[in-house]
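Visitor:
Residue numbers (the working numbering): 88 to 542.
1. Taking the alpha carbon of residue 111 as the point to measure from, which residue in 188, 193, 533 has its own alpha carbon closest?
2. For residue 294 and residue 492, I'd like the C-alpha separation in whole angstroms.
3. Kindly list the residues whose CB is nearer than 6 Å to the CB of residue 123, restricted to its own chain and excluding five residues on each side of it in sequence; keep chain order.
4. Are residue 310 and residue 218 touching if we call contact CB-CB under 7 Å?
5. Grouping DSSP H, G and I as helix and E and B as strand, with all else coil, what is residue 382?
6. CB-CB under 6 Å to residue 170, same chain, minus the five flanking residues each way: which ones, in chain order?
7. Starting from the Cα of residue 419, find the closest Cα among 404, 440, 402, 444 and give me that residue.
8. Distance, Cα to Cα, residue 100 vs residue 527?
9. Taking only three categories from DSSP, how would you classify residue 318?
10. Per DSSP, which residues does residue 389 bridge with? Please list them.
11. Confirm the yes/no value for this check: CB of residue 456, any heavy atom of the ligand NAD, distance under 6 Å.
12. Could you say if the region 266-282 and the region 480-500 meet the contact criterion of at least three C-beta pairs nearer than 8 Å?
13. Please go through the region 152-200 and give each complete beta strand (DSSP E) segment of 3 or more residues, from N-terminal end onward.
14. Can you have a look at residue 504 and say buried or exposed, based on whether 16 or more other CB atoms are within 10 angstroms of its CB?
15. Identify every run of the beta strand (DSSP E) within the region 112-148, keeping only runs that are complete inside it and at least 3 residues long; order them along the chain.
16. CB-CB under 7 Å to residue 612, same chain, minus the five flanking residues each way: which ones, in chain order?
17. For the alpha helix (DSSP H) containing residue 211, name the first residue and the last one.
18. For residue 339, which three-state DSSP category applies?
19. Identify every residue that forms a DSSP beta bridge with residue 109.
20. With respect to the alpha helix (DSSP H) encompassing residue 573, which residues constitute its N-terminal and C-terminal limits?
21. Starting from residue 447, trace the alpha helix (DSSP H) both ways and give me its first and last residue.
Written out as structure tokens, the structure reads:
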């Protein structure tokens, strides 16, 4: 772990030409360093305007804004100074080097946020939310990450822990002072354990939903040549990204773009039309690539030409994907067939006999298709989510749930309460991993190494 007494600094904005650049300094030497290189006395709590001066040569480097934050009223809980410069990469580097020459050390990845955690300004779930918010690909995932940062997940976990701690304290008191403290009623223990079991169960029910919102999905558009794959690709993106012609085999390779599907970040992939027979070497490579993409996608959009109807060759293509893969069957070219369809999510899902009908030319059914993708991936689960969990949280919750179930089973048969307390303690330790109350350096390093330098 870094020496927490070091004063650290880093560039906090992208190093490219822009209107401003920000250099952040944190640690006990922050104010001494800025006093050496700023042309006037810095006053905490106000905006300070002046010039950064090279204290060796006396040269003016840039006219800046200096924002000083006195501990503990700062993000890291230490003395913090932020220097807002003009956004020239040359100037930003020169000022950073000046700060380093005057006693600071270059921050490691995520070190500012790590110090905020170690100084108890935020818990570990909030620290992870900073990274989730930076990496959010849709407004929905950004909103849920912001909820985590504001403490929604922290509050949920703390509420569970408080009730478990309270019942554990009662059990411990009755064991330590049996003559003075009455044994806790098993019904009370069961009530607390049952409540925790239910809450954790509901969170874990949404685990897949949370992972999808954080990580996104991959969608493959599959089908025979000339069924309208590239046209649908362009329609979903609302741009002419893929070349569209009536010549079979126009798309020779896979094309991918990112898209927001009802709040889900998706990588949309237009595949080459799959067919056998007399095709050239380049198209054959494209067909093989298409098969690979289909194998690795989360959901397959299975297209067939509505003006020709479902053909055996279409079915053969659809069967290339594993049966466990999520599929949506889509009948294209509604502008030719004139077929209409009310958007109703059927109980059996969409089948070749009951497909989603679309026209990429007129955009008929495109919004219905987006809703169908959303429902297939998440359904109604997203509506029950006010925060995000990651895989680390989920593993800790599963461990806590396992111990709670053991304790509950023991309480149901009125097992000795000192044995029940062992599993309650273990559940508390597992929940403490989420907030960071119980965590080792290896876990911290793994989390903060995912951050960029300067955050």
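Every residue gets a Cβ at the ideal spot worked out from N, C-alpha and C, and that includes glycine.
Guide: Looking at the atomic coordinates:
1. Taking the chain shown and counting its residues from 1, the one referred to as residue 111 is at position 24. Closest option to residue 111, Cα to Cα, is 193.
2. Locating residue 294 in the chain shown gives position 207, where the first residue counts as 1. Locating residue 492 in the chain shown gives position 405, where the first residue counts as 1. Roughly 19 Å between the two C-alpha positions.
3. Counting from 1 along the chain shown, the entry for residue 123 is found at position 36. Closer than 6 Å at the Cβ level, and outside the excluded window around residue 123, lie 142, 189.
4. Taking the first residue of the chain shown as 1, we reach residue 310 at position 223. Taking the first residue of the chain shown as 1, we reach residue 218 at position 131. 7 Å or more divides the Cβ of residue 310 from the Cβ of residue 218.
5. As a position in the chain shown, residue 382 is number 295, starting the count at 1. Residue 382 falls in the helix class under three-state DSSP.
6. What you label residue 170 is simply residue 83 of the chain shown in a count that begins at 1. Excluding residues within five positions, the ones whose Cβ falls inside 6 Å are 110, 151, 153.
7. Translated into the one-based positions of the chain shown, residue 419 becomes position 332. If we check each option's Cα against that of residue 419, 444 comes out closest.
8. In the chain shown, residue 100 corresponds to position 13, counting from 1. In the chain shown, residue 527 corresponds to position 440, counting from 1. If I take the Cα positions, the gap works out to 30 Å.
9. By 1-based counting over the chain shown, the position of residue 318 is 231. The answer is helix: DSSP assigns residue 318 an H, G or I state.
10. Along the chain shown, one-based indexing puts residue 389 at 302. 309, 416.
11. Although the ligand NAD was asked about, the structure shown includes no ligands whatsoever.
12. yes
13. 167-174
14. To locate residue 504, count along the chain shown from 1; it is residue 417. Counting Cβ neighbours within 10 Å, residue 504 comes out buried, since at least 16 surround it.
15. 135-140
16. Residue numbering for the chain in the displayed model covers 88 to 542; residue 612 lies beyond these limits and cannot be assessed.
17. Your numbering for residue 211 matches position 124 in the chain shown. That run of the alpha helix (DSSP H) goes 211-222.
18. Counting from 1 along the chain shown, the entry for residue 339 is found at position 252. Confidence at residue 339 is low in this model, with a pLDDT of 43, below 50, so its placement is unreliable and the value that follows should be read with caution. In this structure, residue 339 counts as coil in the three-state DSSP scheme.
19. Position 22 of the chain shown, counted from the start, is the residue given in the question as residue 109. Residue 109 is bridged to 171.
20. Any answer about residue 573 is impossible in this case: the structure gives the chain only from 88 up to 542.
21. Here residue 447 corresponds to residue number 360 of the chain shown, with the count starting at 1. Segment: none, residue 447 is in no alpha helix (DSSP H) and carries neither H nor E.
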